[in-house]
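Q:
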Amino acid sequence: MSCYGRNHEAPDCPTHLLWNDRRGNHIPYGYARGGHFGAYQRMRVTIHQPEYLPYLGFFDRLLHADTFVLLDTAQFQRGGFINRNRIKTPKGSQWLTVPIVGRKKDVKKSIQSVRIDSEKPWQEEHIRAIELNYKKAPHFQEFFPDLRELLLRKWEGISELDSTLIEWVVTLFGLSIHMVQSSALSITGSATDQLVSICAELGADTYVSGPGGRNYLEMDKFSRAGIKVDFHNFEHPIYEQRFGGTFEPNLSVIDYIFNCGPRLPAKTKSS
């Protein structure tokens, strides 16, 4: 179970295995280097920007890690998945987009500072679209009420919304992983420098990257820090979806949950 946002009394988070970072988040004892916190034995970290109800592969990667860092300090970019995702309808896929405050050209904000435009009725629209297209799915009645309750809460920042929904899915899948926000850590430098810094601060010996990391990671920096890099390669399973027709991969994870229930397929390989 995730320890993100929970207190010391959480039964799956023994007090002696936790310490507080500077934002009050609980991090497993020994995951930080320096001081009296030694490096934890064989700790694997994966890092990704928060996304809105992300696709199945997002959660498959978490099966290969001990700690998941939500990179909320990264720059927000429109047109990605931070504030939107797709569901299936009789006419194909449909985007569900969370409106944000600011001009379209304003792309210099960090994800943690992006505000949701509460003047627009996005919550009702998303709930209506989800219910319309999934109400006859096998597991809809089991999981929709909780999702509806989460969506209807008062949200201010996109990072807060995304991280809460991600933790909900993590809990449904029964994943044993600790979640930390990068804004709670001390990170500096270029893209690779930041990843190395996060791994070092958490005491990781392995960084689990997506396959795209092969195109931009400066591998020598990980080597010098004594950190191994594994690349996660996800093969999307084909399952029965609503409305028949050609299978549509890479939809929001709720497509899988409503159709197949809260059990992840066998995890894919890391190389």
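Sequential numbering of the sequence shown, starting at 12, is according to my numbering.
Don't be surprised by glycine CBs; every beta carbon is placed ideally from N, CA and C.
1. Among I122, L74, E160, which residue has its Cα nearest to the Cα of F92?
2. DSSP on N36, reduced to helix/strand/coil?
3. Per DSSP, what kind of secondary structure is H137 in: helix, strand or coil?
4. Short of 8 Å in beta carbon distance, which residues of its chain neighbour I2, apart from the five on each side in sequence? Order them along the chain.
5. Between L107 and R235, what straight-line distance do the alpha-carbon atoms span, to the nearest angstrom?
6. What are the start and end residues of each continuous alpha helix (DSSP H) run of 4 or more residues lying completely inside the region 178-248, in chain order?
7. Start and end of the alpha helix (DSSP H) containing V264?
8. Buried or exposed for D86, please, with buried defined as at least 16 other CB atoms from any protein chain shown within 10 angstroms of its CB.
9. In whole angstroms, what is the alpha-carbon distance linking Q192 and A215?
10. Please name the residue, chosen from L196, P110, K99, that lies closest to I10 on a Cα-to-Cα basis.
11. Give the C-beta separation of I127 and G168 to the nearest angstrom, bearing in mind that I take them to be a contact with Cβ-Cβ under 8 Å.
12. Check G91 in the structure and name its three-state DSSP category.
13. Let me check one thing: in DSSP terms, what residues is S121 bridge-paired to?
14. Quick check: the Cα distance between F184 and V80, rounded to an integer number of angstroms?
15. Does at least one heavy atom of the ligand FAD sit under 8 Å from the Cβ of W179?
A: This is what the structure gives:
1. Taking the sequence shown and counting its residues from 1, the one referred to as residue 92 is at position 81. Checked all of I122, L74, E160; the closest Cα to F92 is I122.
2. In the sequence shown, the residue the question calls residue 36 occupies position 25. Only weak support exists for where N36 lies, its pLDDT of 45 falling under 50; the value from the coordinates is given anyway. If DSSP states are grouped into helix, strand and coil, N36 belongs with coil.
3. As a first step, residue 137 is located in the sequence shown; it is residue number 126 there, counting from the start. DSSP places H137 in helix when its eight states are reduced to three.
4. The structure shown does not extend to residue 2, since the chain spans only 12 to 282, so no value can be given for it.
5. Sequence index remark: in the sequence shown, residue 107 carries index 96 (1-based). Sequence index remark: in the sequence shown, residue 235 carries index 224 (1-based). In a straight line, the C-alpha of L107 is about 42 Å away from that of R235.
6. 202-213, 230-235
7. Translated into the one-based positions of the sequence shown, residue 264 becomes position 253. Element bounds for V264: 264-271.
8. Position 75 of the sequence shown holds residue 86. For the record, residue 86 in the displayed sequence is Gln; it is not Asp. Exposed: under 16 other Cβ atoms inside 10 Å.
9. Working through the sequence shown from its first residue, we reach residue 192 at position 181. Working through the sequence shown from its first residue, we reach residue 215 at position 204. So the two alpha carbons sit approximately 16 Å from each other.
10. In the structure displayed, the chain extends from 12 to 282; residue 10 sits before or after that span and is not available.
11. Along the sequence shown, one-based indexing puts residue 127 at 116. Along the sequence shown, one-based indexing puts residue 168 at 157. Right, the Cβ-Cβ distance comes to about 7 Å (below 8 Å), so this counts as a contact.
12. Working through the sequence shown from its first residue, we reach residue 91 at position 80. G91 sits in coil when the DSSP states are folded into three classes, being neither helix nor strand.
13. Indexing the sequence shown from 1 puts residue 121 at position 110. Looking at the DSSP assignment, S121 forms a beta bridge with Q86.
14. Here residue 184 corresponds to residue number 173 of the sequence shown, with the count starting at 1. Here residue 80 corresponds to residue number 69 of the sequence shown, with the count starting at 1. Rounded to whole angstroms, F184 to V80 spans 18 Å at the Cα level.
15. Judged by which ligands are present, the structure shown has none, so any question about the ligand FAD falls away.
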